[in-house]
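Number of protein chains: 2
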Amino acid sequence: MKNTIKVERARKNWTQEDLAREIGISRQSVNSIETGKFVPSTVLALKMAKVFGVDVELIFQLEDQD
Amino acid sequence: MKNTIKVERARKNWTQEDLAREIGISRQSVNSIETGKFVPSTVLALKMAKVFGVDVELIFQLEDQD
DNA sequence: TCATAATGACAATTATTCTTTACATTAAGT
DNA sequence: ACTTAATGTAAAGAATAATTGTCATTATGA
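Note that the protein sequences, when read in sequence, are chains A and B. Letter by letter, the first sequence follows residues 1 to 66 in the numbering used here. Letter by letter, the second sequence follows residues 67 to 132 in the numbering used here.
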């Protein structure tokens, strides 16, 4: 799975710490999700979509091997 | 988090086993997700949205305590 | 009414997420 | 050039996801 979290953060001029605080997880977790180290829960995906004002499908896309 | 998986399955006249096969997980996992026993990964949410032909936000909704 | 299908639930196990703490590296601003 | 902010990485631990196997209960179709 790939994602565009960094792009959405740039649109809002937010740091990883800003996003972490907005959705209630640690800065390290945001980093691990953003860099593809782990696949977040759907709750986290929905929260990100909500604070960015977009659909989950815009931020996260399935890849062939998922 | 709540979901409308049962409604979408009914639209397609699918059993839990049918959905499980479509997205590549066990029937027991579909049951646990559908009954709210656990929160699926975003990969699973995207796959469900895809096979149902709807957005993730239609199937899964955040609740106040999420 | 009955047989079968579908669903709900549970236990044990493994894999993964997410946290916390900490440190290194890179980027940014002056 | 230097200081600080932001990001990347890692280890250890707790909690949860997802699997497999199984059984009970309910729903469905004939």
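Ideal placement from N, C-alpha and C gives every residue a C-beta, glycine not left out. Note that the structure is predicted; figures quoted are calculated from it, not measured.
Start and end of the alpha helix (DSSP H) containing residue i?
{"i": "Gln94 (chain B)", "result": "Arg93 to Glu100"}
{"i": "Phe52 (chain A)", "result": "Thr42 to Phe52"}
{"i": "Lys12 (chain A)", "result": "Ile5 to Lys12"}
{"i": "Asp130 (chain B)", "result": "No alpha helix (DSSP H) holds Asp130 (chain B); DSSP gives it neither H nor E."}
{"i": "Asp84 (chain B)", "result": "Gln82 to Ile89"}
If you draw a straight line from the C-alpha of residue i to the C-alpha of residue j, how long is it?
{"i": "Val30 (chain A)", "j": "Phe52 (chain A)", "result": "14 Å"}
{"i": "Val39 (chain A)", "j": "Ile33 (chain A)", "result": "6 Å"}
{"i": "Glu88 (chain B)", "j": "Gln94 (chain B)", "result": "14 Å"}
{"i": "Glu74 (chain B)", "j": "Asp121 (chain B)", "result": "12 Å"}
{"i": "Lys12 (chain A)", "j": "Thr101 (chain B)", "result": "36 Å"}
{"i": "Glu83 (chain B)", "j": "Ile91 (chain B)", "result": "9 Å"}
{"i": "Leu112 (chain B)", "j": "Glu129 (chain B)", "result": "19 Å"}
{"i": "Ile71 (chain B)", "j": "Lys103 (chain B)", "result": "13 Å"}
{"i": "Asp132 (chain B)", "j": "Phe60 (chain A)", "result": "20 Å"}
{"i": "Lys50 (chain A)", "j": "Thr81 (chain B)", "result": "31 Å"}
{"i": "Lys68 (chain B)", "j": "Leu58 (chain A)", "result": "21 Å"}
{"i": "Ala10 (chain A)", "j": "Ala76 (chain B)", "result": "41 Å"}
Whose Cβ in chain A lies nearer than 9 Å to the Cβ of residue i?
{"i": "Lys113 (chain B)", "result": "Leu62 and Asp66"}
Restricting to Cα atoms, I'd like to know which of the options is closest to residue i.
{"i": "Met114 (chain B)", "options": "A:Trp14, A:Lys12, A:Thr42 and A:Asn13", "result": "A:Thr42"}
{"i": "Leu110 (chain B)", "options": "B:Thr81, B:Leu85 and B:Ala76", "result": "B:Leu85"}
Using a cut-off of 8 Å between C-beta atoms, extract the partners of residue i located in chain B.
{"i": "Thr42 (chain A)", "result": "Met67, Val105, Pro106, Ser107, Thr108, Leu110, Ala111, Val122 and Phe126"}
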